[in-house]
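*Asks:* Residues in the first sequence are numbered from 34 upward in steps of one, following my numbering.
Once you've had a glance at the structure underneath, I'll fire off some questions.
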Amino acid sequence: MRTGSLVAVIDLRALREDPERLRASQRARGEDEAVVDRLLELDERRRAALTRFEQLRSEQKSIGKSVSKAKGDEREQLLARARDLAQQVKESESEAGRLQEELTATLRTVPNIIEEGTPPGGEQDFVVLEHVGEPRTFDFEPRDHLELGEMLGAIDTERGAKVSGARFYYLTGIGAQLQLALLNLAMEQAIDSGFTAMYPPVLVKPEAMEGTGFLGAHSAEVYQLPQDELYLVGTSEVPLAAYHMNEIIDRLPRRYVGWSSCFRREAGSYGKDTRGIIRVHQFDKVEMFSYCDPADAHEEHLRLLAWEKEMLAKVELPYRVIDVAAGDLGSSAARKYDCEAWVPTQNAYRELTSTSNCTDFQARRLAVRFRDEGGRSQPVATLNGTLATTRWIVAILENHQQADGSVRVPKALQRYLGREVIEPVR
RNA sequence: GGUGGAGUCGCCUAGUGGCCGAGGGCGCACGCCUCGAAAGCGUGUGAUGGGGCAACUCAUCCGUGGGUUCAAAUCCCACCUCCACCGCCA
Numbered sequence: 034m035r036t037g038s039l040v041a042v043i044d045l046r047a048l049r050e051d052p053e054r055l056r057a058s059q060r061a062r063g064e065d066e067a068v069v070d071r072l073l074e075l076d077e078r079r080r081a082a083l084t085r086f087e088q089l090r091s092e093q094k095s096i097g098k099s100v101s102k103a104k105g106d107e108r109e110q111l112l113a114r115a116r117d118l119a120q121q122v123k124e125s126e127s128e129a130g131r132l133q134e135e136l137t138a139t140l141r142t143v144p145n146i147i148e149e150g151t152p153p154g155g156e157q158d159f160v161v162l163e164h165v166g167e168p169r170t171f172d173f174e175p176r177d178h179l180e181l182g183e184m185l186g187a188i189d190t191e192r193g194a195k196v197s198g199a200r201f202y203y204l205t206g207i208g209a210q211l212q213l214a215l216l217n218l219a220m221e222q223a224i225d226s227g228f229t230a231m232y233p234p235v236l237v238k239p240e241a242m243e244g245t246g247f248l249g250a251h252s253a254e255v256y257q258l259p260q261d262e263l264y265l266v267g268t269s270e271v272p273l274a275a276y277h278m279n280e281i282i283d284r285l286p287r288r289y290v291g292w293s294s295c296f297r298r299e300a301g302s303y304g305k306d307t308r309g310i311i312r313v314h315q316f317d318k319v320e321m322f323s324y325c326d327p328a329d330a331h332e333e334h335l336r337l338l339a340w341e342k343e344m345l346a347k348v349e350l351p352y353r354v355i356d357v358a359a360g361d362l363g364s365s366a367a368r369k370y371d372c373e374a375w376v377p378t379q380n381a382y383r384e385l386t387s388t389s390n391c392t393d394f395q396a397r398r399l400a401v402r403f404r405d406e407g408g409r410s411q412p413v414a415t416l417n418g419t420l421a422t423t424r425w426i427v428a429i430l431e432n433h434q435q436a437d438g439s440v441r442v443p444k445a446l447q448r449y450l451g452r453e454v455i456e457p458v459r
């Protein structure tokens with residue numbers, strides 16, 4: 034039995050010292066508060082069982098040593114005692130193991146403790162931090178992204194559905210080029226900011242999925258390949274976080290920028306955003322991912338947000354930044370900022386980027402550590418900031434459209450597309 | 001997909017049931033020596049959890065998970081990964 038590594042999932046020592054912190058976090062998220070008491074009780078019972086096991090095991094070892102030296106009657110007596118002890122060791126071991134499992138299972142249901150200052154409440158309770166740019170006023174009736182995409186020969190959802198089903202699409206011609214341009218622009222910006230470029234696997238093992246917190250409440254969102262015990266990732270956050278799984282990192286921070294396809298089942302979103310490519314099963318994403326000292330995590334989070342804002346400025350979109358409320362965070366995030374761009378035909382702001390501070394939540398599950406000044410290994414903090422190209426294409430087409438259906442290309446993208454305007458093909 | 005080989009404390013390696021509480025070498029750290037360095041010599045050298053102000057101490061970890069046994073790095077079973085060859089194939 035592994036008595037050590039099993040329960041590092043949350044900081045139990047901190048929980049024992051200050052259970053109120055978790056209780057307050059659960060309250061702000063609208064989650065179960067009583068789980069705190071169950072955890073404390075289970076932890077205590079587990080510790081007692083573990084102590085008993087360790088004592089018995091210690092005795093068993095010392096008897097075992099005598100057995101090998103003893104002869105005749107003495108040996109027989111020792112063997113009898115050893116047999117008895119072996120039975121007890123087995124029992125106490127399975128008892129400790131059982132409690133360990135129960136504790137781990139309970140811990141898995143508990144989301145990360147929110148950062149101080151996170152607005153309490155649910156999806157509607159976000160706080161707007163700032164507005165950047167003005168939503169444009171049109172002197173003509175703006176077309177939505179799908180109509181534009183079809184006029185420009187950029188998006189083909191009909192054939193996407195023919196070949197793969199609902200919520201699938203083709204990016205065609207200039208649409209595919211626009212996607213590549215966005216990916217390149219984002220990758221280049223991140224690389225220039227010191228990130229290491231990564232092309233990660235998108236099929237991962239259960240422990241990678243589990244460790245990043247995607248097999249909890251939202252496991253229905255995940256495509257599974259049971260024959261091979263693999264999962265398709267919904268974000269490259271998963272392989273980037275698991276990259277340093279079971280490692281002690283020698284220097285921090287580590288910054289990676291990954292480009293990958295992402296896959297989501299979109300279970301439970303029937304009827305939501307069915308038109309166009311706002312909500313789809315497969316899309317490409319650039320993901321910034323940082324491993325850092327937990328003491329620097331808040332600063333790093335603001336840096337990721339700043340990099341996302343820089344990208345938004347480059348494509349010349351009006352947007353707002355929101356501080357996502359506790360109940361809408363997802364299990365691994367302690368705090369999350371979204372940048373939402375104005376989508377004219379929806380008369381609404383829609384998420385284009387999202388950055389989360391996961392503190393040590395993922396690092397504990399994945400055993401990613403660093404050495405603190407005292408030389409002790411501690412879990413790192415992980416943060417991510419993400420940019421999905423489909424949403425960006427929607428916002429760019431709609432915001433930069435002109436009366437004749439053509440679309441102005443933002444300056445930063447012109448060198449990739451080789452033109453200043455995308456003209457309709459029909 | 002098939003056959004064979006291998007996985008031991010950063011790296012290499014010893015280890016075929018109790019003397020393994022894992023030995024040796026390299027590397028690394030510290031000390032001695034030196035004007036300084038190299039060489040040489042000596043000491044130390046992982047992870048996780050628990051107990052102690054502390055020196056220290058207890059348990060767990062030899063790819064992973066089971067099993068046999070009073071006792072497993074060592075025996076048995078399954079799996080994973082890597083290497084080699086064969087087959088098939090974008």
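Glycine included, each C-beta is placed from N, C-alpha and C at the ideal position.
Source: prediction; values computed, not measured.
Among residues of its own chain, excluding the 5 on either side of Q435, which ones have a beta-carbon nearer than 7 Å to its beta-carbon?
*Replies:* On the first sequence, residue 435 is found 402 positions in, with the first residue counted as 1. Hits under 7 Å: R441.
*Asks:* According to DSSP, is I147 part of a helix, a strand, or is it coil?
*Replies:* Residue 147 sits at position 114 when you count from the first residue of the first sequence. If DSSP states are grouped into helix, strand and coil, I147 belongs with coil.
*Asks:* What's the call for R448, buried or exposed, on a 16-neighbour Cβ count within 10 Å?
*Replies:* The residue you call residue 448 lines up with position 415 of the first sequence. Burial call: exposed.
*Asks:* I'd like to check one pair, S269 with E320: are the Cβ atoms closer than 9 Å?
*Replies:* The count along the first sequence starts at 1 and reaches residue 320 at position 287. The count along the first sequence starts at 1 and reaches residue 269 at position 236. Contact: yes.
*Asks:* Are the CB atoms of L215 and L420 within a distance shorter than 9 Å?
*Replies:* In the first sequence, residue 420 corresponds to position 387, counting from 1. In the first sequence, residue 215 corresponds to position 182, counting from 1. Closer than 9 Å, so yes.
*Asks:* Cα separation between V40 and A400?
*Replies:* In the first sequence, counting from the first residue as 1, residue 40 sits at position 7. In the first sequence, counting from the first residue as 1, residue 400 sits at position 367. Low local confidence applies: a pLDDT of 44 at V40 is under 50, so the model's placement there is unreliable, with the coordinate-based value given in what follows. The alpha-carbon atoms of V40 and A400 are separated by roughly 11 Å.
*Asks:* Closest to G324 by CA distance: which of P457, V122, L218, F394 is it?
*Replies:* Indexing the first sequence from 1 puts residue 324 at position 291. The sequence given here places Tyr at residue 324; Gly does not occur at that position. Minimum Cα distance to Y324 is reached at F394.
*Asks:* So what's Y289 in DSSP terms, helix, strand or just coil?
*Replies:* Taking the first sequence and counting its residues from 1, the one referred to as residue 289 is at position 256. If DSSP states are grouped into helix, strand and coil, Y289 belongs with the strands.
*Asks:* For the stretch 259-278 against the stretch 224-237, are there 3 or more C-beta pairs whose distance is under 8 Å?
*Replies:* Touching, yes.
*Asks:* Report the CB separation of E163 from R368 in whole angstroms; it is logged as a contact under 8 Å.
*Replies:* The sequence position of residue 163 within the first sequence is 130, counting from 1. The sequence position of residue 368 within the first sequence is 335, counting from 1. Wrong, their Cβ atoms sit about 16 Å apart, outside the cutoff.
*Asks:* I need the straight-line Cα distance from E392 to M184, nearest angstrom please.
*Replies:* As a working mapping, residue 392 is identified with position 359 in the first sequence. As a working mapping, residue 184 is identified with position 151 in the first sequence. A quick correction: the sequence has Thr, not Glu, at residue 392. Straight-line Cα distance between these residues: approximately 45 Å.
*Asks:* Please tell me whether T170 and V68 are closer than 9 Å, where the distance is taken between their beta carbons.
*Replies:* In the first sequence, counting from the first residue as 1, residue 170 sits at position 137. In the first sequence, counting from the first residue as 1, residue 68 sits at position 35. No, the Cβ-Cβ distance between T170 and V68 is not below 9 Å.
*Asks:* Determine contact between the stretch 110-121 and the stretch 64-82, defined as no fewer than three beta-carbon pairs at a distance below 8 Å.
*Replies:* No: fewer than three Cβ pairs fall under 8 Å.
*Asks:* Alpha carbon to alpha carbon, how far is R176 from L350?
*Replies:* Indexing the first sequence from 1 puts residue 176 at position 143. Indexing the first sequence from 1 puts residue 350 at position 317. Those two C-alpha atoms are separated by around 17 Å.
*Asks:* What are the boundary residues of the beta strand (DSSP E) that includes A414?
*Replies:* Looking up residue 414 in the first sequence gives position 381. 414-421 is the span of the beta strand (DSSP E), which, as asked, contains A414.
*Asks:* Might you give, ordered along the chain, the residues of its own chain that have their beta carbon closer than 6 Å to the beta carbon of S99, omitting 5 neighbours on each side?
*Replies:* Mapped onto the first sequence, residue 99 falls at position 66. Only L111 meet the Cβ criterion.
*Asks:* Using only alpha-carbon positions, find the residue among P443, E453, T423, K305 that is nearest to A187.
*Replies:* For the purposes of this step, residue 187 is taken as residue 154 along the first sequence, with counting starting at 1. Ranking the options by Cα distance to A187, first place goes to T423.
*Asks:* Do you know how far the Cα of R398 is from the Cα of S38?
*Replies:* Indexing the first sequence from 1 puts residue 38 at position 5. Indexing the first sequence from 1 puts residue 398 at position 365. Here the model assigns S38 a pLDDT of 42, short of 50, so the residue's position is not dependable, and the following value carries that caveat. The straight-line gap from Cα to Cα measures roughly 10 Å.
*Asks:* In angstroms, rounded to a whole number, what distance separates the CA positions of Q212 and I426?
*Replies:* As a working mapping, residue 212 is identified with position 179 in the first sequence. As a working mapping, residue 426 is identified with position 393 in the first sequence. Whole-angstrom Cα-Cα distance: 7 Å.
*Asks:* Is the beta carbon of L362 less than 9 Å from the beta carbon of N217?
*Replies:* Within the first sequence, residue 362 is the residue found at index 329, counting from 1. Within the first sequence, residue 217 is the residue found at index 184, counting from 1. No, the pair does not count as a contact, with Cβ atoms beyond the cut-off.
*Asks:* How many angstroms separate the CA atom of E453 from the CA atom of K444?
*Replies:* Working through the first sequence from its first residue, we reach residue 453 at position 420. Working through the first sequence from its first residue, we reach residue 444 at position 411. Straight-line Cα distance between these residues: approximately 8 Å.
*Asks:* Run the CB neighbour count on T378, radius 10 Å, all protein chains shown included, and call it buried at 16 or more, exposed below.
*Replies:* Looking up residue 378 in the first sequence gives position 345. So T378 ends up on the buried side.
*Asks:* Going by C-alpha distance, which of P286, R308, V348 is nearest A328?
*Replies:* For the purposes of this step, residue 328 is taken as residue 295 along the first sequence, with counting starting at 1. Answer by Cα proximity: P286.
*Asks:* Would you report the Cα separation of P239 and P457, rounded to the nearest angstrom?
*Replies:* Position 206 of the first sequence, counting from 1, holds the residue named residue 239. Position 424 of the first sequence, counting from 1, holds the residue named residue 457. Cα to Cα, the separation comes out at about 46 Å.
*Asks:* A446 and V376 look like a contact to me (Cβ under 8 Å); what is the Cβ gap, rounded to whole Å?
*Replies:* To locate residue 446, count along the first sequence from 1; it is residue 413. To locate residue 376, count along the first sequence from 1; it is residue 343. Going by the sequence as given, residue 446 is Leu instead of Ala. That pair is no contact at about 18 Å.
*Asks:* Identify which residue in D405, S439, A428 has its Cα closest to the Cα of P168.
*Replies:* Position 135 of the first sequence, counted from the start, is the residue given in the question as residue 168. Closest by alpha carbon: A428.
*Asks:* Look at the alpha carbon of E243 and the alpha carbon of A103, and state the distance between them as a whole number of angstroms.
*Replies:* Position 210 of the first sequence holds residue 243. Position 70 of the first sequence holds residue 103. Whole-angstrom Cα-Cα distance: 50 Å.
*Asks:* Under 9 Å between the Cβ atoms of G155 and G63?
*Replies:* Position 122 of the first sequence holds residue 155. Position 30 of the first sequence holds residue 63. Cβ atoms of G155 and G63: closer than 9 Å.
*Asks:* Using only CA atoms, which one of D437, D44, E343, G97 lies nearest to L385?
*Replies:* On the first sequence, position 352 is the one that residue 385 refers to. Checked all of D437, D44, E343, G97; the closest Cα to L385 is E343.
*Asks:* Rounded to the nearest angstrom, what separates E56 and T137 at their Cα positions?
*Replies:* Against the first sequence, residue 56 aligns to sequence position 23. Against the first sequence, residue 137 aligns to sequence position 104. Checking the sequence, you will find Arg at residue 56 rather than Glu. If you take the alpha carbons of R56 and T137, they lie about 18 Å apart.
*Asks:* With DSSP as the reference, label V427 as helix, strand or coil.
*Replies:* In the first sequence, residue 427 corresponds to position 394, counting from 1. In this structure, V427 counts as helix in the three-state DSSP scheme.
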